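Residue numbers (our numbering): 9 to 290. Each residue gets a CB set at the ideal place from its N, CA and C atoms; glycine is no exception. This structure is a prediction, so every number in the text was calculated from the model and none was measured. Inspection log for the structure reproduced underneath, given as structure tokens.
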């Protein structure tokens, strides 16, 4: 189902005591690919900053900006229009021997690293390694892994934080989309399957079904694994990635893709706020 969508993403920081200066990066521009086309984007920052844009190593458009006046609050608003027509991908059915070949390891080395951020820990790895031994293909194993995570990890807002590691979410059997994506990435990489973390937006069903009505959306995260092509799956919702998913960025883990990050001088603490609104235009 092809859709044209307007995404309003407003986020920022409030500073206790105010910030004298701040230096920030925003990754809030949807990508253009064979499955989605960015038609328009505007990024507004208050207070008005000095800014520049570039494309990072992972292919994500980044707006870097600096504010050199005292401010109590920083507000970043991205308004974009994007066409999405994405059918779930099933992969090309690579064998274990093909996925383990030297050329795959050389090409996808950065998405094979089992870093502390995505390491699921010994308890989960012992379970999924047994699954890998009995699944006929890497694709079969990948689908079994994301199904396990969806079934056993409960979505609980506030149960983890932005710096939480995958192992912590597994031990608690709770987390948010970031944690479930990290868990899936770690399990897949442990089996030698290239896997990457994807961030973007999830289009709610009520927004997809009604044209012209703004609906509260959300920033979201899911996983892609290599099976001759990148195959996307959303372990939080237990579904293959389709045209309800708008891609903004991919990377090794969350640290490569945060929508807004930065440093500041001035007050000692800050709070972050996030609001996403999605409207189907056609």
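Closest by CA to residue i, which one among the options?
| i | options | result |
| --- | --- | --- |
| residue 19 | 35, 83, 64 | 83 |
| residue 163 | 214, 187, 234, 10 | 187 |
| residue 55 | 226, 61, 81 | 81 |
| residue 228 | 219, 10, 132, 212 | 212 |
| residue 53 | 237, 21, 240 | 21 |
| residue 257 | 35, 28, 156 | 35 |
| residue 185 | 203, 158, 175 | 158 |
| residue 64 | 289, 282, 259, 244 | 259 |
| residue 129 | 196, 288, 37, 118 | 196 |
| residue 225 | 122, 9, 17 | 17 |
| residue 31 | 102, 167, 272, 176 | 272 |
| residue 2 | 209, 103, 283 | Beyond the ends of the chain as shown, which are 9 and 290, falls residue 2; an answer cannot be given. |
| residue 192 | 169, 150, 179, 172 | 150 |
| residue 175 | 156, 124, 140 | 124 |
| residue 245 | 205, 161, 268 | 161 |
| residue 190 | 268, 62, 173 | 173 |
| residue 156 | 98, 136, 223, 61 | 136 |
| residue 165 | 181, 153, 152 | 181 |
| residue 116 | 61, 201, 133, 47 | 201 |
| residue 268 | 170, 100, 134 | 170 |
| residue 93 | 43, 262, 217, 87 | 43 |
| residue 144 | 133, 179, 106, 118 | 106 |
| residue 100 | 120, 263, 237, 183 | 237 |
| residue 39 | 89, 85, 33 | 89 |
Here's the rule: buried if 16 or more other CB atoms are within 10 angstroms of the residue's CB, otherwise exposed. What is residue i?
| i | result |
| --- | --- |
| residue 96 | exposed |
| residue 73 | buried |
| residue 232 | buried |
| residue 221 | exposed |
| residue 215 | buried |
| residue 204 | buried |
| residue 168 | buried |
| residue 119 | buried |
| residue 98 | exposed |
| residue 261 | buried |
How many whole angstroms separate the CB atoms of residue i and residue j, which I take to be in contact at a CB cut-off of 8 Å?
| i | j | result |
| --- | --- | --- |
| residue 127 | residue 194 | 5 Å |
| residue 242 | residue 147 | Not confirmed; about 16 Å, so no contact. |
| residue 110 | residue 45 | Wrong, their Cβ atoms sit about 36 Å apart, outside the cutoff. |
| residue 68 | residue 59 | So it is not a contact: roughly 16 Å between Cβ atoms. |
| residue 76 | residue 26 | About 13 Å; that fails the 8 Å criterion. |
| residue 253 | residue 230 | 7 Å |
So, helix, strand or coil for residue i, using DSSP?
| i | result |
| --- | --- |
| residue 252 | coil |
| residue 204 | strand |
| residue 119 | helix |
| residue 283 | strand |
| residue 32 | strand |
| residue 65 | coil |
| residue 144 | coil |
| residue 137 | helix |
| residue 72 | strand |
| residue 169 | coil |
| residue 175 | helix |
| residue 56 | coil |
| residue 109 | coil |
State the beta-bridge partners of residue i as determined by DSSP.
| i | result |
| --- | --- |
| residue 241 | 231, 248 |
| residue 190 | In DSSP, residue 190 forms no bridge with anything. |
| residue 89 | 14, 48 |
| residue 265 | According to DSSP, residue 265 bridges with nothing at all. |
| residue 271 | 31 |
Tell me, please, whether the CB atom of residue i is closer than 8 Å to any CB atom in chain D?
| i | result |
| --- | --- |
| residue 97 | Of the protein chains in this structure there is only one, and it is not chain D. |
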